[in-house]
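Numbering (the working numbering), first residue to last: 20 to 1238.
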C-alpha cells in the first residue's frame, strides 16, 4: 500500500538493552526458566508469543533473542527480526527478501524472490536455505493473513534454530511443534513497584494498588499513562477506579486509557494523537502548542530539544496501537475534529522559502514543468545559477541533519495521510525529477495513480503525465506511449483537470511530446525519422518568448544519437531538407552533442551526458581520417571531452544515480581505448590500467539494482581513475552550488583547451538550421502548396512537423540516392513514367538498387493538417507527394546487393564552412562512403560490407587484450578488490540495412541471469538472458541476449543470419506501414514493428569466446502468429502479418518472403505489434540461414495464405501466377 511500511527490519543492536532482564518480570503462561531449558534441549524451536498491546510481548521477543545470543552463541547478524503491520502481505514480504538479496549483491536470488511466477513454497524453501539466519522473528505476526503460518511446515529441515512469532490481537493457528506462550503483563510485585515509582505522592495500600493494576491488566504501558493522568490532574486515583463490570471484558487497557483521556480532555487531544501516530521520524517544532504540552505531561509524547527546535515523538507502543485502530476504523475519533493542528503544516513550515514557493506555484498550476531558474534566462546571474536538485540536496536551516528532500518527503507522506490530494500533486511534481534521477520514479507514478483513483478532480501536471510516457517507452509499451502523447498534443487548453495558463505552455508541452516521439523513433532504429522530429522539437523550444535552453539541450543531445547512426546518404537528405551543413553524419553528431553540452552547462547531469556523448562520437569519426597527425589531434580532443564529463560528476553522492554511474564508466572505458590508439607505451599502459578499472566499475554497476551503492571499494577504484587522468577528487556529498561550480569549471576549461588547441567548436554549425514555424500552421490547398518554395507538412495532432523543402534542381545537378526520410525508410525518388501494368506502386527493391516510383496520393483540397496517423511510427503525419519536374533525373543509384553506396556532394553556393581549427576534417568527410574500411585501430569502428546475395560476411574478432599482472608497471598500485566475474570484452556489431554494412565497435558486456519464462513460452532453440553492454541504444533500457543451446547452431554465421533476417524485415515493415497508412485513409488497422537486433562477440581473459544476439526487452505475452511453413495461429488476429508477408514478396519483386511472424500482439488488435526472430525464404539471397527453404518455402506460404484478406486487397497486392 502506498507509503505504508508493510514490515520493518530491526537490528538486534537497536533492541532495548534491558529486554533480557525485563523478561524475568513478565507474567507468562510458561515460566521463563522453562523456556530457556527448552531452547537448550531442542534443535529447532518455534515459539508463538501473544498478548495485548503494551503487555510486553515485543519485550519478550527481543529478550529471547538476547538470551539466544548468550546460550547458543548466535551472532547478531544471524538474527532476522521483522516487525509486521496490517499492510504486510505475501507480495511485500518477497519484495523485502528481494531487497535483502540486492543489498548483499545476490542478484539472481533477488530476481527469484521478486518473480511472480515462482510458487510461495519454493520461495520459502529458498529463503530458509539461502540466508544464513539462525533466528527468525516475526513480531506483530497477527497483522497478516496466514503468511507466517506458511513458513511453519518448512522449518524442521531448515538451518533455523529458533522461529519466534509475536502477536497482539489473536493467536494464529499452529501445530503441535509450536510452543505457545501468553504474555499477561507484569508480575504483581513488579507492577506494584512501577505504580509506586510513578505515583510517589499517592499513599495507597498494596491492596488498592493491586486492584488498580488488575483493572489495567498489569499492562506496563497502561500503568504508565494512568499514573501520568493522575499526577497531571492532581486527582485521587481511587476516583478513577473502574470496576471490571463497567467496561467491556475484551477491552484493551490502552483503549480504556484513551477513552478516559477523550472524556476528560476532549476529542481534539485524541485527534492530535491520531495524526502523530503516523510519524515516521520525530516531528521538529520551533514552537510547542499547549495541546502538545498537555500530551507530554501525560507521558503520551516525548520531547527532545536541540537548539531552538523541539523534536516530538509518540510512545512506540501507543503509536502502533493507534495506527492499527485508525486504519481498521475501530476508532470513532477523526482527525477532522482538530482544525488548528496539522502535522503536514508543521513539516511544510520548515522548508526553505524557495522550495515553499515552488510548492505553492505547483499547487496553483503555474507551469506545466517545474522550471529551473537558468532555463529561460539568456544572461544567467548568480541568483539564477542553481538547480532544483541542489535545493533538494541542501541541508535544512532548521534541522541541520535533514536535507530539504527529506523534509519534503515527510510533507508528501503526511499529505497522503491527511488526504490532501492537491498538496500531494504539487509535492510529487516538485520531487518528480529527483526521484527519476535516483531511479525511484515509479514512486511518483504510484502516487499519481493514488491521487487519480481517490480524487479524480485533482489536476495532474503535464510533467507527470509525460513521466508516465517515459516509463511506457522504457518498458517497451511504445504504442501506448504514442497514444498518450497524441492525446497531450490534441488537448490545447487543458489536460484532464489541469488547465494551461497561456498558449506558450501548450507549445512547451508540444515540444517535449515531439521530442519523446523522436526518441521513440530512435529506439526503433528509424534514425532519420527521429532526427526530423527532434529538429521539429527544436522549433517548439526555440520559438518560445524565452527559448527553453533545457529543452533545446535535450533535443540536441537526442539528435546527436540519431545522427550518429545515420548513413551518409540519409544525412545528406536530412541536411538538404533542414539546412544542416553537408558533412559526415558523425561529425554532425559531434557538433550536435557539443551544442547540447553548451546549453546545459548549468545542469551537471545534462552537461556530462552530452559532453560524454560528443567525445564518444568523435572517437568513432576520427577513424575515417586518413591523416595520422590529424587523427592524433582529434584523439586528444575526444579525451579532453570525456575528461570534462568525468569531472562534471563532482561528488560520489551523485554516482548513486544509475545513469551517472554508467556515464562515468563509459567515459573511463572510452578514454582507455583512445589512449591505446595514441600509440606510445606510456599511453598504452595508462589505457590498460583504466580499462581494468572500468571493467571493475561496470561489474559493480551491473550487479546493482535501482540505485548504485557507493562503497569504500568503489570510491577507491574511482579515485584511481581520477588520479590516472589528473582530475580533481570528488566531494563525498552533493554540492549545494553544483551548477555554479560547473559553470566556473567550464569557463576555465574552455579557455585552457582553446590555448592548448584541444577543442572543436560547434559555433556556426547550426546557424542555417531550418526550424518549422510551429506556432501557426496555415490551411492551404494543394494548388497553393505547389506554388510555395517551402512546403510544410505539420501534424498538430501528434506534434510532428516536417518541412519538405523543394530545391531548385538544375539539369546537370542531382543528388545521388535521394532518400525519403519522412517515414524513416530509404526510398529513392526517381521520376519515371508509371506503367499501367506496374504491380506495386511505390515499392523499392532493396537488394538490387531498383528504384520504383511511389504512388502519388490524392490530396484533398480541404484536408487539414490535423488528425492523420502514420502507422509506421504511430505518429500523425500527412504524406504529400512533391511536384517532380520532368527534366529531373536520378544519377547514382544505390546498389543494395553489394552494399556500395556512393553519394556525390551537392554544391551549395551560399553555404560556407564554419571556422574550425582543422579545416582538413571537412575535406575528407564528404567522401567516406567511397572508403572501404576493413581494419581499424583499437577502439575504432570496424566496417564490413555485406552482400545479401552471398553468405554472411566474415566479421573479424576484435577486442582489447585484457590487462594481466605481467603487463603492469612494476610498483603499480593494485586496483581495488572488485570482482569482475560477468563482464567480458567484446565487439558490438550492428547491421545497417540502407548501406549494407556491418559496423563493429569495442564494448564491455555483462551477461546476467537466464530469464525464467512461463511453461510453454520458452524458446525451442535458444536460451534468453538479461544483458547490459556499453553503447546500447537505450543506456538504461532493458535488453535480452539470446544464445543457441545446440552447438551446431553456435556459429558466427548463424547469429549473423538472424541479425540480417530481422534487420531486413525491419526495413520492409517500414515500407509496409507506409503503404498501409496511405491506403487505409485513417481507418484503424494497427501496425507492426520489428525490434532492432545486434550481435555481441565476447571473449574472456582465458580467450574463450561466446556469441549472443541482443534486442530490447519487451513486456507482455509472447505470441507466435505464423511459422515458416504452413501454420497459422487461429486464435489471434493474423490478417495484418499475412498481408505483410505477402507485401514483402511483391515489394522485393519476388526475391524473398518474410515469414515466421511472432512477438507481442495487442489484445485489442488495434495497437502496434512488436515482432522478433523472423525467417526469410529467398531464391536469390543466401544470407538468411537454415530457415530459408527457397522455392519450397514460397509454395508453403501460398498454401498457408491461400486467399488474400482485406488488407491485401486494400494494398492491391498481386499473387503469383497459379497461386
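C-beta: ideal position from N, C-alpha, C; glycine also.
No experiment lies behind these values; they were computed from the predicted model shown.
| request: Could you tell me if residue 333 is buried or exposed, where buried requires 16 or more neighbouring beta carbons within 10 angstroms of its beta carbon? | output: What you label residue 333 is simply residue 314 of the chain shown in a count that begins at 1. Within a 10 Å sphere around the beta-carbon of residue 333 sit 16 or more other beta-carbons, which makes this residue buried.
Would you mind sorting residue 18 into buried or exposed? The rule is 16 or more other CB atoms within 10 Å of its CB. Because the chain spans 20 through 1238 in this model, residue 18 falls outside it and cannot be assessed.
Check your understanding: Looking only at C-alpha atoms, which of 624, 647 and 702 sits nearest to residue 658?
Key -> Residue numbering aside, residue 658 sits at position 639 when the chain shown is read from its first letter. Ranking 624, 647 and 702 by Cα distance to residue 658 puts 702 first.
May I ask which residues mark the beginning and end of the beta strand (DSSP E) holding residue 329? Position 310 of the chain shown, counted from the first residue, corresponds to residue 329. 328 to 333 is the span of the beta strand (DSSP E), which, as asked, contains residue 329.
Fill in: Inter-residue Cα distance where the pair is residue 595 and residue 128
Translated into positions along the chain shown, residue 595 becomes position 576. Translated into positions along the chain shown, residue 128 becomes position 109. Cα atoms of residue 595 and residue 128: separation of roughly 54 angstroms, rounded to the nearest angstrom.
Q | C-beta contact flag for residue 696 and residue 654 at 8 angstroms | A | Looking up residue 696 in the chain shown gives position 677. Looking up residue 654 in the chain shown gives position 635. Cβ atoms of residue 696 and residue 654: closer than 8 angstroms.
State the CB to CB distance for the pair residue 43 and residue 51, rounded to an integer number of angstroms; the pair is presumed to be in contact (CB under 8 angstroms). Counting from 1 along the chain shown, the entry for residue 43 is found at position 24. Counting from 1 along the chain shown, the entry for residue 51 is found at position 32. At roughly 6 angstroms, the Cβ-Cβ gap stays under 8 angstroms, so residue 43 and residue 51 are in contact.
(message) Please report the distance separating the alpha-carbon of residue 431 from that of residue 777.
(response) As a first step, residue 431 is located in the chain shown; it is residue number 412 there, counting from the start. As a first step, residue 777 is located in the chain shown; it is residue number 758 there, counting from the start. Cα to Cα, the separation comes out at about 48 angstroms.
Quiz prompt | Per-residue DSSP class, three states only, for residue 443 | solution = What you label residue 443 is simply residue 424 of the chain shown in a count that begins at 1. In this structure, residue 443 counts as helix in the three-state DSSP scheme.
* Cα-Cα separation between residue 1220 and residue 1164, rounded to whole angstroms -> Within the chain shown, numbered from 1, the residue matching residue 1220 stands at position 1201. Within the chain shown, numbered from 1, the residue matching residue 1164 stands at position 1145. Whole-angstrom Cα-Cα distance: 12 angstroms.
When the Cα atoms are used, what is the spatial distance from residue 970 to residue 551? Here residue 970 refers to the residue found at position 951 when the chain shown is read from its first residue. Here residue 551 refers to the residue found at position 532 when the chain shown is read from its first residue. If I take the Cα positions, the gap works out to 35 angstroms.
- prompt: Where do the N-terminal and C-terminal ends of the alpha helix (DSSP H) with residue 246 fall, by residue?
  reply: Residue 246 sits at position 227 when you count from the first residue of the chain shown. Residue range 239 to 252 is occupied by the alpha helix (DSSP H) that includes residue 246.
Strand pairing of residue 122, partner residues [DSSP]: Within the chain shown, numbered from 1, the residue matching residue 122 stands at position 103. Looking at the DSSP assignment, residue 122 forms no beta bridge with any residue, so it has no partner.
Contact check, residue 622 vs residue 391, beta carbons under 8 angstroms: What you label residue 622 is simply residue 603 of the chain shown in a count that begins at 1. What you label residue 391 is simply residue 372 of the chain shown in a count that begins at 1. It is a contact, given that the beta carbons lie within the stated cut-off.
Within 8 angstroms (strictly less), CB to CB, does residue 276 reach chain C?
Protein chains in the displayed structure number just one, and chain C is not present.
For this session: Alpha carbon to alpha carbon, how far is residue 277 from residue 227? Give it in angstroms, no decimals.
Result: Start at 1 with the first residue of the chain shown, and residue 227 comes out as number 208. Start at 1 with the first residue of the chain shown, and residue 277 comes out as number 258. One alpha carbon belongs to residue 227, the other to residue 277, and they sit about 22 angstroms apart.
query: What is the DSSP secondary structure of residue 511, counted as helix, strand or coil?
result: Here residue 511 refers to the residue found at position 492 of the chain shown. Correct three-state label for residue 511: coil.
Exercise for the section: Spell out a yes or no on whether the stretch 1110 to 1126 and the stretch 1061 to 1071 are touching, meaning 3 or more CB-CB pairs, one atom from each, closer than 8 angstroms. Expected result: At 8 angstroms Cβ cutoff, the stretches touch.
Comparing alpha-carbon positions, which option in 669, 715, 780 and 690 lies nearest residue 762? As a position in the chain shown, residue 762 is number 743, starting the count at 1. The shortest C-alpha separation from residue 762 is found at 669.
| query | If you draw a straight line from the alpha carbon of residue 742 to that of residue 962, how long is it in whole angstroms? | reply | Along the chain shown, read from residue 1 onward, the residue named residue 742 stands at position 723. Along the chain shown, read from residue 1 onward, the residue named residue 962 stands at position 943. Residue 962 has its alpha-carbon roughly 35 angstroms from the corresponding atom of residue 742.
ask   = So the alpha helix (DSSP H) residue 961 belongs to, where does it begin and stop?
value = Position 942 of the chain shown holds residue 961. Looking at the DSSP string, residue 961 is not in any alpha helix (DSSP H); the run it does join, the beta strand (DSSP E), is 961 to 964.
Residue 1217 - containing alpha helix (DSSP H), residue span: Locating residue 1217 in the chain shown gives position 1198, counting from the first residue. Element bounds for residue 1217: 1209 to 1219.
**Asked** So, is residue 446 buried or exposed, given that buried needs 16 or more other C-beta atoms within 10 angstroms?
**Response** Taking the chain shown and counting its residues from 1, one reaches residue 446 at position 427. Flag for residue 446 reads buried.
Worksheet item: So, is residue 861 buried or exposed, given that buried needs 16 or more other C-beta atoms within 10 angstroms?
Response: The sequence position of residue 861 within the chain shown is 842, counting from 1. Residue confidence is low: residue 861 scores 32 on pLDDT, short of 50, so the model does not pin down where it sits. Its coordinate-derived value is still stated next. With 16 or more other Cβ atoms within 10 Å, it is buried.
(Q) In whole angstroms, give me the CA-to-CA distance for residue 39 and residue 385. (A) Along the chain shown, read from residue 1 onward, the residue named residue 39 stands at position 20. Along the chain shown, read from residue 1 onward, the residue named residue 385 stands at position 366. Straight-line Cα distance between these residues: approximately 58 angstroms.
Counting beta carbon pairs with one atom in the stretch 725 to 742 and one in the stretch 632 to 642, are three or more of them shorter than 8 angstroms? Flag = no, the stretch 632 to 642 and the stretch 725 to 742 do not touch.
Notebook entry, point to check: Within 10 angstroms of its Cβ, does residue 481 collect 16 or more other Cβ (buried), or is it exposed?
Noted result: Within the chain shown, residue 481 is the residue found at index 462, counting from 1. Counting every other CB atom within 10 Å of its CB across the protein chains shown gives residue 481 a total of 16 or more, marking it as buried.
Note to self: To the nearest angstrom, how far is the alpha carbon of residue 603 from that of residue 583?
What the structure shows: Looking up residue 603 in the chain shown gives position 584. Looking up residue 583 in the chain shown gives position 564. Near 10 angstroms, if we compare the C-alpha coordinates of residue 583 and residue 603.
> Cα separation between residue 764 and residue 727?
Replying inline: Counting from one through the chain shown, the residue named residue 764 turns up at place 745. Counting from one through the chain shown, the residue named residue 727 turns up at place 708. Answer to the nearest angstrom: the Cα atoms are 26 angstroms apart.
Under 8 angstroms between C-beta atoms of residue 579 and residue 636: Taking the chain shown and counting its residues from 1, the one referred to as residue 579 is at position 560. Taking the chain shown and counting its residues from 1, the one referred to as residue 636 is at position 617. Yes, the pair counts as a contact, with Cβ atoms nearer than the cut-off.
_Residues near residue 1154 in its chain [Cβ-Cβ closer than 6 angstroms; skip 5 each side]_ = Counted from its first residue, the chain shown places residue 1154 at position 1135. Result list for residue 1154: 1224 and 1226, in chain order.
| Among all the DSSP beta bridges, which residues are the ones paired with residue 67? | Here the question's residue 67 lines up with position 48 in the chain shown. Per DSSP, 184 and 199.
Problem set entry | Where the beta strand (DSSP E) containing residue 1188 begins and where it ends | Indexing the chain shown from 1 puts residue 1188 at position 1169. Residues 1187 to 1191.
Along the chain, where does the beta strand (DSSP E) containing residue 321 start, and where does it finish?
As a position in the chain shown, residue 321 is number 302, starting the count at 1. Looking at the DSSP string, the run of the beta strand (DSSP E) that includes residue 321 is 320 to 325.
| Between residue 542 and residue 672, what straight-line distance do the alpha-carbon atoms span, to the nearest angstrom? | Residue mapping note: residue 542 aligns to position 523 of the chain shown, counting from 1. Residue mapping note: residue 672 aligns to position 653 of the chain shown, counting from 1. Distance between the alpha carbons of residue 542 and residue 672: 30 angstroms.
Provide the residue span of the beta strand (DSSP E) that contains residue 1047, from first to last. The residue labelled residue 1047 in the question sits at position 1028 within the chain shown. Its beta strand (DSSP E) spans residues 1041 to 1048.
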